[in-house]
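One structure is given here, and the rest of the page talks about it.
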Amino acid sequence: MTPGLRLKGSVRSGPTMLLRPIDLTVPGGAWTCLLGPSGVGKSTVLHCFSGLDPGLRLQGEARAEDGRSLAGRVALMAQADMLAPWLSLLDNVMLGARLRRERAEPERARRLLHAVGLEAEVERKPQALSGGQRQRAALARTLYEDRPVILLDEPFSALDVGNRARMQSLAAGALKGRTVLHVTHDPAEAARLGEHLLLLTANGLCTLSPPEGAIPRPPDCPRTLATTGELTRRLMETA
């Protein structure tokens, strides 16, 4: 069973307050979208759960609700693609496994690169690719990690409309049943993918209602469009 997540407290980096006091719950086994204006601490929430930023000072707790450690159970796809420039895309996808001295699975890595439309680029280096191609490679690497908890920080922001819709559908299928916390600035994306919707502002955290229907929802469905409009209105009110 994939765990839910709980973050309670505030976060500083040195003297700077990055995240005001918050009490956030992420349901297990579902896709939660976290929206909000820039600078309120959405990415900081992800870093609290990933444990990858030693400069953060959390006054409170970030934990899995099953009581077990999150170590080894989380995959983070950051805003930057974080691809090693000296490695091929294939080796980048498998990099985590090799750093952990686990057996690499080249065929599975190839299948994932094929799934994100990069089958012709597997031996190329990241610097030879566009920003959108690198972001798709980073998605393949995240899927390769095969973790029960997935943290996504604007994972589709560099993609054109067609590729964005295709990658949203791919991720929704591949991550079904996982605990996904997805930071996005895109109301349409949240309306399409979110089984739970959270809005973080300077005034705190609130829960919003997602549209009915399984994800990924059709982008032109009236319920999806209505939620997109409502989310856009709420975000404009916080600007």
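In this note's numbering, the protein residues as written are 8 to 246.
Glycine included, each C-beta is placed from N, C-alpha and C at the ideal position.
**Request:** Measuring alpha carbon to alpha carbon, tell me which of Arg240, Pro61, Thr9 ends up nearest glycine 7.
**Result:** Examination of residue 7 is not possible in this model, given that the chain is present from 8 through 246 alone.
**Request:** Grab me the residues of threonine 175's own chain with a C-beta within less than 8 Å of its C-beta, minus the 5 sequence neighbours each way, in chain order.
**Result:** Counted from its first residue, the sequence shown places residue 175 at position 168. At residue 175 the sequence reads glutamine, which differs from the threonine that was named. Phe163, Glu196, Arg199, Leu200, Pro223.
**Asked** Of the residues Arg148, Gln86, Asp88, which one's Cα is nearest the Cα of serine 111?
**Response** Your numbering for residue 111 matches position 104 in the sequence shown. Residue 111 is actually alanine in this sequence, not serine. Among Arg148, Gln86, Asp88, the Cα nearest to that of alanine 111 is on Arg148.
**Asked** Buried or exposed: which applies to serine 50, given that a residue is buried once 16 or more other Cβ atoms fall within 10 Å of its Cβ?
**Response** As a working note, residue 50 is residue 43 in the sequence shown. With 16 or more Cβ atoms within 10 Å of its Cβ, serine 50 is classed as buried.
**Item:** Spatially closest choice to isoleucine 157 from Arg173, Pro113, Ala178, by CA coordinates
**Value:** Walking along the sequence shown from the start, residue 157 turns up at place 150. Out of Arg173, Pro113, Ala178, Ala178 has the C-alpha closest to the C-alpha of isoleucine 157.
**Prompt:** DSSP beta-bridge partners for lysine 15?
**Reply:** Residue numbering aside, residue 15 sits at position 8 when the sequence shown is read from its first letter. Partner(s): Asp30, Glu68.
**Request:** Could you round the C-beta distance between leucine 59 and leucine 31 to whole angstroms and report it? I think they count as a contact, below 8 Å.
**Result:** For the purposes of this step, residue 59 is taken as the residue at position 52 of the sequence shown. For the purposes of this step, residue 31 is taken as the residue at position 24 of the sequence shown. About 18 Å; that fails the 8 Å criterion.
**Request:** Rank Gly169, Asp153, Asp88, Cys213 by C-alpha distance to the C-alpha of glycine 124 and give the top, closest one.
**Result:** Residue 124 sits at position 117 when you count from the first residue of the sequence shown. When only C-alpha atoms are compared, the closest one is Gly169.
**Prompt:** Using 8 Å as the Cβ pair cut-off and three pairs as the minimum, do the segment 97-104 and the segment 116-123 touch?
**Reply:** By the Cβ test, the segment 97-104 is in contact with the segment 116-123, since at least three Cβ pairs between them sit closer than 8 Å.
**Message:** According to DSSP, is cysteine 55 part of a helix, a strand, or is it coil?
**Reply:** What you label residue 55 is simply residue 48 of the sequence shown in a count that begins at 1. In the structure shown, cysteine 55 falls within a helical segment according to DSSP collapsed to helix, strand and coil.
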